[in-house]
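Working notes for the structure below.
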Amino acid sequence: MSRSALPPRRPGPLPEIPPAETDEILSSWLSRSAALYKARPEALLDQVGLTETSPAVLDRYATPADLERLAVAMRSSPHAIRRMSFVGKPREALEFVAHKKPVWTCRQCAREFTGRSQVQVKLRQWFVAVASMCRRCGGRLTPMRTCTARAIHEIIAAHEPYERHTFVCTRLARAFDDERPIGAVIRAMKALAAPLPTNPRVFYRARKRGHLLDFPDRTPPLLWQLVGTRQLRHHAHSYRYWRPPANRPYVAWPLVGQIVATVGLTVLEQAGLAMWDQLKSLGLVEYGDHFIVKNILAAD
Ligand SMILES: [Zn+2]
Numbered sequence: 006m007s008r009s010a011l012p013p014r015r016p017g018p019l020p021e022i023p024p025a026e027t028d029e030i031l032s033s034w035l036s037r038s039a040a041l042y043k044a045r046p047e048a049l050l051d052q053v054g055l056t057e058t059s060p061a062v063l064d065r066y067a068t069p070a071d072l073e074r075l076a077v078a079m080r081s082s083p084h085a086i087r088r089m090s091f092v093g094k095p096r097e098a099l100e101f102v103a104h105k106k107p108v109w110t111c112r113q114c115a116r117e118f119t120g121r122s123q124v125q126v127k128l129r130q131w132f133v134a135v136a137s138m139c140r141r142c143g144g145r146l147t148p149m150r151t152c153t154a155r156a157i158h159e160i161i162a163a164h165e166p167y168e169r170h171t172f173v174c175t176r177l178a179r180a181f182d183d184e185r186p187i188g189a190v191i192r193a194m195k196a197l198a199a200p201l202p203t204n205p206r207v208f209y210r211a212r213k214r215g216h217l218l219d220f221p222d223r224t225p226p227l228l229w230q231l232v233g234t235r236q237l238r239h240h241a242h243s244y245r246y247w248r249p250p251a252n253r254p255y256v257a258w259p260l261v262g263q264i265v266a267t268v269g270l271t272v273l274e275q276a277g278l279a280m281w282d283q284l285k286s287l288g289l290v291e292y293g294d295h296f297i298v299k300n301i302l303a304a305d
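Numbering (the working numbering), first residue to last: 6 to 305.
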């Protein structure tokens with residue numbers, strides 16, 4: 006970018022502020038505002054006296070003091086600014102939120118935004134992994150990544166598992182919006198990936214310890230041992246040993262992984278208390294998770 010044209014540092018609102026779009030994410034609005042002054046958003050945020058100057062970080066962790074300062078600079082309110090972000094969402098809920106780059110786009114809205122400003126508008130809903138509808142126009146969202154895995158096409162063609170995945174996503178999106186304890190869902194999906202030992206002695210020792218030992222790639226994850234994932238097992242043959250990477254959030258799992266995890270969740274939900282008790286004794290889920298998951302997945 007050429008030389009910045011930021012106004013000199015002074016208290017009060019910026020002289021010119023582009024109006025925020027419906028459901029626009031905070032970082033997008035800040036980047037568009039900075040572009041108006043031919044500046045990088047970090048420079049603008051520094052100028053208005055924020056302690057955090059990364060727009061992507063502000064989307065998640067803006068402090069109350071930064072929200073106050075932004076409200077003044079952007080002629081808004083801390084509440085309205087907070088609503089443009091994911092600030093205040095618990096850590097587990099952020100597992101469903103993409104960082105920096107959206108996972109969805111809306112063709113209709115993106116077409117309207119083209120050419121409006123140097124920096125493309127990004128909507129908040131486009132960052133939520135389990136979203137399906139655009140908040141601005143109500144249209145269907147389109148995934149940003151193109152999926153080439155054969156398993157995906159097979160699963161979609163088979164209808165049933167993919168429909169189940171879509172249903173679970175709708176329920177999770179609602180739970181996410183309603184600030185329900187979605188950590189139970191994440192724990193259950195990760196428990197599905199646990200390589201439960203088939204040897205009773207190993208199993209007994211693990212229970213006594215209260216956690217599983219790591220047997221990488223030895224036994225299939227629990228997900229593939231459950232009755233009810235047969236159809237999925239048939240299509241996702243190359244994913245038989247797939248499990249969510251330990252330190253990556255749900256939003257970053259491959260789509261096949263997300264599908265097997267959501268479908269597996271519905272199977273686990275039906276699995277009965279004995280299974281949940283076992284997972285609890287291995288430290289994989291917490292007390293009450295079963296009921297929370299059941300409640301979140303319950304149809305209307
Ligand atoms: Zn739209």
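Backbone N, C-alpha and C define an ideal beta-carbon position, used for all residues, glycine too.
Bear in mind that the values here come from a model prediction, so they are computed numbers and not experimental data.
Terminal residues of the alpha helix (DSSP H) in which residue i lies
i: T271; result: 260-274
i: F296; result: 294-302
i: M280; result: 278-286
i: Y255; result: Element bounds for Y255: n/a, residue is neither H nor E.
i: A211; result: 205-214
i: A162; result: 155-162
i: A67; result: No alpha helix (DSSP H) contains A67, which DSSP labels as neither H nor E.
In DSSP terms, what residue i is bridged to
i: T110; result: T147
i: V102; result: V133
i: I29; result: Looking at the sequence provided, one finds Glu at residue 29 rather than Ile. According to DSSP, which records beta bridges pairwise, E29 is partnered with L128.
Local conformation of residue i per DSSP, three classes
i: M6; result: Residue placement at M6 is flagged as unreliable, the pLDDT there being 47, under the threshold of 50; the coordinate-derived value follows with that caveat. DSSP places M6 in coil when its eight states are reduced to three.
i: M138; result: strand
i: L177; result: helix
i: K43; result: coil
i: V190; result: helix
i: P60; result: helix
i: R121; result: coil
i: F172; result: helix
i: D305; result: coil
i: P12; result: coil
i: R87; result: helix
i: L19; result: coil
i: R116; result: helix
i: K195; result: helix
Any non-hydrogen atom of ligand 3 closer than 8 Å to residue i Cβ
i: R129; result: Here the bound small molecules are ligand 1; ligand 3 is not part of this structure.
Distance CB(residue i)-CB(residue j) smaller than 9 Å
i: W324; j: A266; result: An answer regarding residue 324 cannot be provided, because it is not within the stretch 6 to 305 covered by the chain.
i: K127; j: S32; result: yes
i: R37; j: M89; result: no
i: I22; j: D64; result: no
i: P205; j: P226; result: no
Under 8 Å: do the segment 187-196 and the segment 261-271 share three or more Cβ pairs, one atom per stretch?
yes
Should the segment 119-132 be regarded as contacting the segment 153-166, the criterion being three or more beta carbon pairs within less than 8 Å?
Three or more Cβ pairs closer than 8 Å define a contact, and the segment 119-132 falls short of that threshold against the segment 153-166.
With contact counted as at least three CB pairs below 8 Å, one residue from each stretch, are the segment 70-83 and the segment 13-24 in contact?
They touch, by the three-pair rule.
Count Cβ pairs between the segment 108-117 and the segment 138-148 that sit closer than 8 Å; are there 3 or more?
yes
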